[in-house]
Each structure stands twice: as C-alpha cells, then as structure tokens.
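Below you'll find the structure, written out as structure tokens, and then a few comments.
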Amino acid sequence: MANAATRRSRGLVLFSTGFILLWLVIAAGPFLWTVWGSFKVQGDFFSKADWTFALYGVKTLEETGSAFTPGGYEGAWLQEEFWRNAMNTFIVVFFTVIISLTFGTLGGYALARSGFRYAFWLLMAALVFRAMPHITLVSGYLLPFFEWNLWGHLTTSIIVLVAINQPFTLWMLHSFFLNIPKDIDESAMVDGCTRFQAFRHVIIPVMWPGVVTTGLFSFLLAYNDFAVTSMLLSQENQTMVPRIASFLGTVREQGNVMFAVAAVVSALVPLFFLVLFFQRQLVSGLTAGAVKG
Amino acid sequence: MKHRTFFWFILPSLAAMIIFIALPIGSVALQSFFVEHDQIMVEVENCTPFACETVLAVDQEATAALRETAPLGKFNGFDTYTNRNHLAFAEIGTAWSESTSLGAFFDKLLNLPFYWALAFTLTYTGVVTPFVIVLGLAVALGVNALPRLVKGPTIFFSLLPMITTPLIGSLILFWMVDADGILGATLQIIFDNPDLSLKASTTLTWIMLIVYGIWSSTPFAFIVFYAGLQTVPQDTLEAAQIDGASRWQRVRYVIVPYMAPLVVFITLMQLMDNFRVLEPIIGFSASAKATSLSWIILNDLFGDAKLFGSAAATSMLTIVGVAVLLTPVLIRTWRDFNRKRV
C-alpha cells in the first residue's frame, strides 16, 4: 500500500482531508447545533443579537438560572402530550416492519427461485410501483376510506405502509435470496420436504442477515413517512412526524418554538441509535442493489 | 418452482400491492373525471311583517343527501384536466396569442399553478441529481483515502442527513437559515442588510430547497460509490500508473468508467425520489415561493374542502411524469432481459 508510487503528495492529502472535514461540518454540524440548542431558551437558539448566545446560553442563564434548560422537552412531552405521538409511532413502525418482512420474505424467496417470465414482470411492476409518489396513492385512498369508515385508524395506516413498503422489500430480499445457493433448499426437497418445509427449516435459519438489513429500511420508510400518516390518521392517532408538522403552526403563534425544536430532537434520537448500531448493515443494504447489479 | 407454490408464496405481498397500489391508481383515474357536487339551491320566501321576498338559499339537506348517494361527485369528463388549475389549455392559448415575446409567454405560463409546480419539480430534480452524483463521488474518494481508524466515525456522521426524516431534516436547516437562526443572522451581518430573508426571494427559496436536497441525498451517492471503490481492480489502476497516468487521469479514465453502472443506479433512485419532493416545502414553509406537484396534491386534499377531483387529476398527471422518467430504464431492462434469454 505504502509504496512510493501510491503515496500522495502533501498538498493532495491536505486538500482531501480538508474537503472531508468540511463535508463533516456540513453533514453533522446542523444536528449538533440543534441538539445543543434544544436545551436553551428561544432567545438564545434564535438569537438576533449574537450567535454565541446559543453556545453559552446567556439568556437561558438569565431566565432559568442554569445554562441548560429542559423547558422545551417538558413543554413538548408533557404539556403538548408528545408521548402519545411517540407511542403511536412505535405501534405503527413495529407492526409495519413485522408484517412487511413476513410478506416480503415469502414473496422475495418465491421470486428468487422462480425462473419464469412472470417473475421478471412482477419485479418490473414492483419497480414502477416503487416510483409512484406516495401522495398520489393517498389521493386514491382518501375517498374510499372516508366512505367505508376506515379513515383515521392506526391499523389502516399500518396496512397502507406495508403495501407501499412491499416493492422495495421484495427487490431487496429477492436479490438477497439469489445469493443463497439453490442447492441447499433443493437438497432438502429431495429428502422429502415440501417447498414450504424447505423454506421453514433450511432457508429461515440462514436468512437473518438479509432480513435485518431489509428490516432497517422498512423501519426508516415507516418512521420517516409524512404523506401517508399525515393524511390518513385522525388527530388523536397522529404519529410524531405529522404532529411536528402541525406543531409548527400552533407553537409559533404561542411563542413556543422551542417545543417544536425539542420534539424534533426527540424524534432524531431513535434514528441516531439506529445508525450507531446498524451502520454496517445499512451500508451493505444501500450498496447491495447497486454493486451486484 | 411450481406455478402453484409460487402463487401461494407471493400471494400476501401481491395482494397488498394490488389492493393498495394498483387499485388506488385506478381509483385516482376514476376520481379525476368527477368534480364536487354543486350546492342545491332552493327559493325560500322570507317574510317580514311588511313584505315577502324570495331569496335563493342552500338546501343543506338535499345537498347532503346528494353527496351521500353519489360520493364521487358529478361527472366532469376531461374538464378538470383542462381547467386553470391543471393543464389550462384555454389560458395558454390566450397567453400565446397575447404575448409579444417568448419571455412574456413564459411569465404568464408560470403564473398557472400546475406549470409553476412542474417548473420547480423539474428544476429540483434536474439540479439536485447531478450535484448529488458529483459530490457523492468526491466524498467517497476523500473518505477512501482516510486512515482506516477514522473511516468508521466519518461514515457514521456522513449518513445522518440521509436517514433523517425529510421533514425533520428540513426543519433543522430551516431553523438555522431563518432570519433569527445562526446562518440567517450571519448572512444579514455579512450583507449588512437587516431585512435580508431567504424566504422573501423566490430565487433564494429555490436555492435553499435545492441545497437541502443535495445535503440530504449526497450520503446515499457517497455510500454507493464508496462500496464501488472497494471493488475497483487494483491491477488496472497499477497498469494505468505504469503507463504514466497522473492521479487525476486515473480517476477520470479508470475509476469513473468503472463507476458508470453505479451512476445509472443512483440516477434512477434520485430521479424517483426527487420527483416526489414534498416535505422540504412544508419544513421550510416555502409554499408561497415554490410548490411541487406532490405539494399541490397535498394542498387539495388538506383542510375541510377536499378537492378529490382536482387532486386526482394532478395525481394522474404526476403518474404520467413518472412514467416518462422511467421509460428509458424499463426499455433498457427489457433489452437486457431478452439478451440474457437468447
């Protein structure tokens, strides 16, 4: 690696490192700034006079007697009952991931093991479905859901999110199952297993890495969704993201912008831990589709 | 795999996709031909002690009953597609005949809500996608050159903008560039203009949204390119080096061609995702200066008066847009598939 030819000139190293440092500031800076600022009062975080107020918390010290205040979090979680939305998010995300993965593993396995032309067409259809903007689908749901009284329930949103998730889940698990050698389930079937028994006893024990990776992306899709949850859930069933959107209007009038800031930071925490623990799977999942073609 | 077994395995997934993706597209198509009922008016006689007069009033009961029996509304044919809020053929016709120059015509065209949204959606998609690819490759090359020890943490921080909920990500940036936020206030000092606000100018709003788009999507391109870089054959690089290629030439003539399939993949994903841009417009409260196709659909559906017909017509036009975007990819995949079979 360190032979003379591949060694970089000092200028290039400096330039490249500088560029990456700049990128890191741009990528992560806004998050650090907002997390830090969420423990200040509005006068500091949105300081007209001097931006260093947000660093040291000058006004926070004046107003609360300490440089950090949990005021925003108390306001959001207790006064505005953000915990209800957090709970709804948990329910929606949990069931969406479980159901998507169950449907997706069965379908993805079938697509990977079927050589017929219709399997290809199904994958193409899934690609087209993947491209549909979610809001166009929502405009198709609303009227029937109103008519049949399905609107507003968590269950409806879960089922819709599962369906929207399917194209991506199918593609990902399909390419994952292609990498599991055909021989192992076929030899089980030679030994007298049915296709489902082979799947149950031979494939399921070895499929977990692919399922975990796909599950992460299902989680992200359900957790980050705005179009479906904001349009299909009633006020009391709202999840975190649409609640934050509706926060914006109300808290600005009441001068409680810090509630929204605190809610935003709270919603970031699970994502932060997700990357922290599953970085390797996320990276491999993102690249699986591309590198393997 | 036997047809029968295949069917049972794929059934749950296929049923979910047919019921909640294919049928809604059909339902959208149907809804787009209908429009809300007019209110039923009745003549009511209002009598005061001195005189009686007949006035027109809304017959609430009859209107409600009509809405109950025909929830779709009344048939409107293609009129919703051609009205002022959608394709606006009549308005374009007048604008064309009245305008003296092409510039004036485009000014009038962009005053129409659908074309204004289309212009932003296409600009956003068209600008963000190439920037993301170039920046992503640059970051990947930079990270690849880092010592092993710091690679992990660098990747961790680089992933954050991408996995963040779009609405939350745009809010975080918005609070920083807001007039009282750190960047907004700094810009006011730099330009010595206390009234400077990114929200007040259309150009600056568009730039702000596009910057958000690049910020949030670059990590995706970076990760894909980074993984691709690990698979570039070292002997080809060495051969190029022995032949006297400079560092830049090696990147340009070895690495970039090797990345070409990845560029296609990233472009495809980015086109699909950027075309549906919605959350940043809400997060940046930018709807006065920039709207997208998704945003006008949401706007029709929000609030008390739900304009299902109008939203459905815009949805159909959006779907046509997606189809146009995807056609080259589908044709290409179809050719590859046939080549493999032969």
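So the sequence lines, in the order shown, correspond to chains A and B.
FYI, the numbering for the first sequence is 710 to 1002, going by our numbering.
FYI, the numbering for the second sequence is 20 to 361, going by our numbering.
Beta carbons: idealized from backbone N, C-alpha and C, even for Gly.
Among the CB atoms of chain B, none fall inside 7 Å of the CB of Thr922 (chain A). Setting aside the 5 residues that flank it on each side, Gly247 (chain B) is surrounded in the same chain by Met278, Leu281, each with a C-beta closer than 6 Å to its C-beta; the list follows chain order. Put simply, of B:Leu190, B:Met36, B:Phe69, B:Thr99 the residue whose alpha carbon is nearest the alpha carbon of Gly328 (chain B) is B:Thr99.
Under the three-state reduction of DSSP, Glu55 (chain B) is assigned to coil, being neither helix nor strand.
Looking at the DSSP output, Glu62 (chain B) shares a beta bridge with B:Leu75. With fewer than 16 other Cβ atoms inside 10 Å of its own Cβ, Leu121 (chain B) counts as exposed.
DSSP places Arg269 (chain B) in the uninterrupted alpha helix (DSSP H) bounded by 266–269. Look at Phe176 (chain B) here: in three-state DSSP terms it is helix. Within a 10 Å sphere around the beta-carbon of Gly96 (chain B) sit fewer than 16 other beta-carbons, which makes this residue exposed. Positions of the alpha helix (DSSP H) runs, each at least 4 residues long and wholly inside the segment 785–863 of chain A, are given as 791–822, 826–840, 843–856 in order along the chain. Using a Cβ distance threshold of 7 Å, Val162 (chain B) and Thr173 (chain B) count as a contacting pair. In terms of Cβ geometry, Phe748 (chain A) and Phe777 (chain A) form a close pair [threshold 7 Å]. Using a CB distance cut-off of 7 Å, Glu64 (chain B) does not count as an interface residue toward chain A. Three or more beta-carbon pairs drawn from the segment 874–881 of chain A and the segment 922–936 of chain A are found closer than 8 Å, and the two stretches are therefore classed as touching.
Gly188 (chain B) sits away from Asp197 (chain B), with the two beta carbons spaced by 7 Å or more. Judged by DSSP in its simplified three-state form, Lys127 (chain B) adopts helix. Proximity to Trp732 (chain A) across B:Leu228, B:Pro180, B:Arg269 peaks at B:Pro180, based on C-alpha coordinates. Contact check between the segment 64–81 of chain B and the segment 334–347 of chain B: fewer than three CB pairs, one atom from each, fall below 8 Å, which does not count as touching. The bridge partners DSSP lists for Leu942 (chain A) are A:Gly861.
Going by C-alpha positions, Asn794 (chain A) is about 15 Å away from Val937 (chain A). Beyond the five residues adjoining it in sequence on each side, Ser51 (chain B) comes within less than 8 Å, by CB distance, of Thr99, Tyr100, Gly328, Ala331, Ala332, Ser334, Met335 in the same chain, given in chain order. Any Cβ of chain B closer than 7 Å to the Cβ of Tyr850 (chain A) would place that residue at the interface, and such an atom is present.
Annotation for Leu30 (chain B): the continuous alpha helix (DSSP H) segment containing it runs 22–36. The CB of Ser823 (chain A) comes closer than 8 Å to the CB of Met20, Phe25 in chain B, given here in chain order. DSSP places Gly919 (chain A) inside the alpha helix (DSSP H), whose first and last residues are 917–933.
Residue pairing for Phe885 (chain A): DSSP places it in no beta bridge. Looking at the backbone, the Cα of Pro43 (chain B) and that of Gly727 (chain A) are separated by about 50 Å.
It is roughly 15 Å from the alpha-carbon of Ile233 (chain B) to the alpha-carbon of Phe303 (chain B). Under DSSP, the beta-bridge partners assigned to Phe94 (chain B) are B:Phe53. The segment 896–912 of chain A and the segment 965–979 of chain A do not touch, with fewer than 3 CB-CB distances between them shorter than 8 Å. What His843 (chain A) touches in chain B, judged by beta-carbon distance under 9 Å, is Arg295, Leu297, Ser313, going in chain order. Across the segment 896–911 of chain A, CB contacts with chain B closer than 7 Å involve Arg904, in sequence order along the chain.
Counting the other Cβ atoms within 10 Å of the Cβ of Ile729 (chain A) gives 16 or more, which makes it buried. Contact between Val869 (chain A) and Phe39 (chain B) holds, with the beta-carbon distance rounding to 6 Å and staying under 8 Å. In chain order, Leu863, Asn946, Gln947, Thr948 place their CB closer than 7 Å to the CB of Asn797 (chain A), counting only its own chain and leaving out the 5 sequence neighbours on each side. Where Ile274 (chain B) is concerned, there is no enclosing alpha helix (DSSP H), because DSSP gives it neither an H nor an E.
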